[in-house]
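For the sequence shown, my numbering gives the first residue as 2, with consecutive numbering after it.
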Amino acid sequence: MFNGIPTMMRYTARSPYQCGSSGFSFDNCLRNKSLTENGFLEPNRISTGTTIVGIIYDGGVIIGADSRATNANIIPSNNSRKIYELQSNIYAGGAGVAQDTSALMEVTRAQLELHRMNTGFRKVPVRCANQMVRQLLYRFSGNMEANVIIGGVDRTGTHLFCTRFDGTTDTVPFTSLGSGNLAAMSMLESRWTEGLDEQAAHDLACDAVFVGMENDLNSGGRACLCIIRSDFSVHWKVQSPYPNKTSPMRSLLLAIRHGCTSVLSTIEHQVVPWGETPAGCKASVSGPGGRLDPGPGETGNRRRGAETLGPPKAKRRRLDTDEPAK
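Listed below in structure tokens is the structure:
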């Protein structure tokens with residue numbers, strides 16, 4: 002099914018993964034193996050710790066994804082592309098290692114274009130794209146860290162497939178993959194129903210992606226949506242992060258009835274408004290505003306001095322050099 006690249010056939014296979022002519026080069030795997038054997042660490046790979054979702058609605062398919070790419074604890078980019086065009090009627094969202102996902106999408110796009118030309122330039126069925134992806138992933142026994150959501154429309158209707166890195170696949174009405182899939186799936190399971198219109202499906206996809214971004218540090222950036230309609234029209238939309246901040250769906254008000262807790266002790270404090278004299282106290286009033294007079298003596302002078310703004314007085318320690326040492 003996969004055509005070989007002529008330049009690849011000039012070299013002999015140096016690893017079990019290079020025995021086929023799929024167009025992939027695994028020289029980096031051999032390099033990493035050699036580095037590990039010599040006591041060096043492998044280079045870090047950029048992983049799209051991702052939240053991608055897919056929804057079938059009454060009239061098409063919606064694929065949504067965030068736009069953050071992560072490398073361990075570093076964020077190299079907040080504008081990473083995670084939705085790929087395989088054909089004019091088939092799109093896919095990828096989660097996993099960015100290099101593996103991009104290479105998988107490029108090979109699949111080329112194979113689908115060859116299939117379209119060999120079949121008289123007809124629309125490629127969505128199931129054909131999913132079959133190519135799952136066979137390629139199964140062929141490499143999970144060594145390609147790429148998880149894909151494939152959605153599209155053809156003459157048989159709308160389709161949505163969830164394919165994982167080991168080649169297993171499911172046909173689902175809604176799904177989610179990536180590091181933020183648990184939070185996104187909880188949103189999809191609570192709000193998805195059959196017969197959703199486009200606006201309701203759009204809002205649900207946005208909320209699912211945003212929930213995944215809020216509950217996963219590796220997901221972030223913006224929400225990118227691809228809407229594939231049954232009339233083969235495609236609409237792209239980029240949603241800024243957190244457009245409508247709403248309260249949780251299932252939040253309950255906490256109301257405590259009076260008298261549920263016992264009173265252990267009661268302490269009363271007398272509160273006097275500013276400028277008034279407490280009951281039972283005699284004080285002279287001077288100056289505007291009804292302020293209390295600080296009173297005579299050294300303490301009163303210090304209080305009066307604090308009310309005026311003057312230069313700060315530095316406190317210095319006096320050293321008596323004339324005093325003989327003991």
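Yeah, the Cβ is synthetic: ideal placement off N, Cα and C, and Gly gets one too.
Since the model is a prediction, treat every value here as computed from it, not as a measurement.
Within the same chain, Cβ atoms closer than 6 angstroms to the Cβ of Arg117 are found at Val125, the five residues on either side in sequence being excluded.
Secondary structure note for Cys30: its alpha helix (DSSP H) is the uninterrupted segment 28–38. The C-beta distance from Lys83 to Ala66 rounds to 4 angstroms, short enough to fall under 8 angstroms. Bridge pairing for Lys238: Leu226 [DSSP].
DSSP places Thr109 inside the alpha helix (DSSP H), whose first and last residues are 99–119. Here the alpha carbons of Asp59 and Asp232 stand approximately 12 angstroms from one another. Looking at the backbone, the Cα of Asp208 and that of Met188 are separated by about 8 angstroms. Look at Phe162 here: in three-state DSSP terms it is strand.
Ala206 counts as buried, since at least 16 other C-beta atoms from the protein chains shown sit within 10 angstroms of its C-beta. Under DSSP, Ala70 shares a beta bridge with Ser78. By the criterion of a C-beta distance shorter than 8 angstroms, Leu113 is surrounded in its chain by Leu87, Gln88, Ile91, Val125, Cys129, Ala130, Met133, once the five residues flanking it on both sides are discounted. In the structure shown, Phe122 adopts coil according to DSSP, grouped into three states.
Look at Gln132 here: in three-state DSSP terms it is helix. DSSP places Gly55 inside the beta strand (DSSP E), whose first and last residues are 52–58. The segment 219–226 makes contact with the segment 164–181: 3 or more CB pairs, one atom from each, lie closer than 8 angstroms. Assignment of Ala256 by DSSP, reduced to helix, strand and coil, places it in the coil class. Judged by beta-carbon spacing, Thr52 lies beyond the 8 angstroms limit of Ala201, meaning their Cβ atoms are not closer than that value. Separation of Gln136 and Ser191 (C-alpha to C-alpha, rounded to the nearest whole angstrom) is 33 angstroms. The residues Asn33, Leu36, Thr37, in chain order, have a CB closer than 8 angstroms to that of Glu43 in the same chain once the five nearest residues on each side in sequence are set aside.
For Ser177, there is no enclosing alpha helix (DSSP H); the residue is part of the beta strand (DSSP E) that begins and ends at 175–179. The straight-line gap separating the alpha-carbon atoms of Ala99 and Asn148 is approximately 11 angstroms. By the neighbour-count definition (other C-beta atoms within 10 Å, threshold 16), Cys227 is a buried residue. Between Val210 and Val62, the beta carbon gap of about 15 angstroms keeps them out of contact (Cβ cut-off 8 angstroms). A check of alpha carbon separations from Val235 across Gly153, Ala224, Cys163, Val264 identifies Gly153 as the nearest. Ala70 counts as buried, since no fewer than 16 other beta carbons sit within 10 angstroms of its beta carbon. Within the segment 181–231, the complete alpha helix (DSSP H) runs of at least 4 residues fall at 182–192, 199–215. Counting along the chain, Leu265 sits inside no beta strand (DSSP E), nor does DSSP assign it H or E at all. Here Val62 carries a strand assignment [DSSP, helix/strand/coil]. Following the DSSP letters along the chain, one finds Thr170 inside the beta strand (DSSP E) bounded by residues 170–172. Thr164 and Ser263 have their C-alpha atoms roughly 59 angstroms apart. Where Glu86 is concerned, the enclosing beta strand (DSSP E) starts and stops at 84–88.
Here the alpha carbon of Ala93 sits roughly 5 angstroms from the alpha carbon of Ile150. A residue is called buried once 16 or more other Cβ atoms fall within 10 Å of its Cβ, and His259, having fewer, is exposed.
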